[in-house]
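Structure, as C-alpha cells:
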Amino acid sequence: MHILYDANVLVAILSRRESILDLKKQLKDDTTHISSSFILAEVEAVLIEKMKVTKQKAKAAARLLERQSTIVRPKKIEKICRDPFDDYILAAAVSGGADYLITSDKDLLVLEKYKGVVIVTPKDFMTDPRSVVNYDPLSS
6 MHILYDANVL VAILSRRESI LDLKKQLKDD TTHISSSFIL AEVEAVLIEK MKVTKQKAKA
66 AARLLERQST IVRPKKIEKI CRDPFDDYIL AAAVSGGADY LITSDKDLLV LEKYKGVVIV
126 TPKDFMTDPR SVVNYDPLSS
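According to our numbering, the sequence shown is numbered sequentially starting from 6.
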C-alpha cells in the first residue's frame, strides 16, 4: 500500500513530539510513505512559522521525513482544487501511485477520490478496513 500524508497531518504528528520513525513503524512492511519536495518544504515552513520550531530542528525533521519516504517529482500539476497549492499534493499522490491521501484539508477531502487515490482524514483512514495499520499516531 502507498500512502501520502498531507503536510497538515505530518505537522500534527510532529507537534505531538512523535518521531517520524514512529510514523514509519505504524505501517505494515508492505506500506510505502510517499512525499514530495513541496510537502517537505511546507512541513518545514509550518514548523518554523506556526509551531515556532527553530530552523535547525525544522530542517532536521524534514530531512528525517525525506529519508523515511519515497520522494516523487510530479511532472504535471493539473488545476483541480480551489487552493492551487492543493494541486501539488494531488499531483504527488497520483505520481507516487498512492492508495490513500491522508489530510485534514477540507478542500481536498471534498473530492473523496481522485484518479484512484482515496482521500480521507486520519481518523477515517484508521477505521477503513482496507488501510491495515498497526496503531494511530494521532490518538494520544
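The beta carbon of each residue, even a glycine, is placed where N, CA and C say it ideally should be.
query: Which residues DSSP lists as bridging serine 109, in chain order; result: Paired residue(s): none; serine 109 is not in a bridge.
query: Candidates Lys64, Thr59, Val77, Lys118: closest to isoleucine 85 by CA position; result: Lys118
query: DSSP state of threonine 132 mapped onto helix, strand, coil; result: helix
query: Which residues DSSP lists as bridging tyrosine 119, in chain order; result: Val122
query: Sufficient close CB pairs (3 or more, under 8 Å) joining the region 98-107 to the region 64-71; result: no
query: Cβ-Cβ distance between aspartate 91 and aspartate 112 below 7 Å; result: yes
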